[in-house]
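Residue numbers (the working numbering): 256 to 375.
1. So for residue 338, helix, strand or coil by DSSP?
2. Using a Cβ-Cβ cut-off of 6 Å (strictly less than) and excluding sequence neighbours within five positions of residue 315, which residues of its own chain qualify?
3. Which class does residue 384 belong to by DSSP, given the choice of helix, strand or coil?
4. Buried or exposed for residue 308, going by 16 or more other Cβ atoms inside 10 Å?
5. Is the beta carbon of residue 286 less than 8 Å from the beta carbon of residue 360?
6. Assuming residue 358 contacts residue 300 under a Cβ cut-off of 8 Å, what Cβ separation, rounded to an integer in Å, is found between them?
7. Here's the rule: buried if 16 or more other CB atoms are within 10 angstroms of the residue's CB, otherwise exposed. What is residue 347?
8. Spatial neighbours of residue 342 within its chain, please: C-beta separation below 8 Å, excluding the five flanking residues on both sides.
9. Can you look up residue 364 in the DSSP assignment and give me helix, strand or coil?
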């Protein structure tokens with residue numbers, strides 16, 4: 256599953272995990288076309304922003320298919336990188352497993368425009 260263990264700080268420098276290091280450590284475990292979506296979710300989690308909608312995820316993946324966006328999240332979850340949870344009102348939270356970063360609850364059915372500023 257993981258090729259080594261990472262934490263929220265770099266083992267060498269003791270500094271906070273940077274986006275390039277995050278991409279190298281975790282996103283690189285995914286196919287290249289999925290890495291941008293993972294990084295978008297990671298940024299939302301690190302900043303405490305709402306979880307991106309299915310439309311925003313689909314757009315970041317280069318698609319308009321909401322079903323494809325949901326399958327993409329399922330695939331990333333099956334790789335052990337994230338955990339997706341729905342609350343009682345249907346808002347989604349995504350947690351990055353190794354870092355314990357979590358997005359704020361977000362509406363998976365929201366229009367992409369409402370969360371369009373999440374690009375990395």
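C-beta: ideal position from N, C-alpha, C; glycine also. Given the structure is predicted, the values throughout are model-derived calculations rather than measurements.
Straight from the coordinates:
1. strand
2. 291, 292, 295
3. Lying before the first or after the last residue shown, residue 384 is absent from the chain, which here runs from 256 to 375.
4. buried
5. no
6. 5 Å
7. buried
8. 348, 360
9. coil
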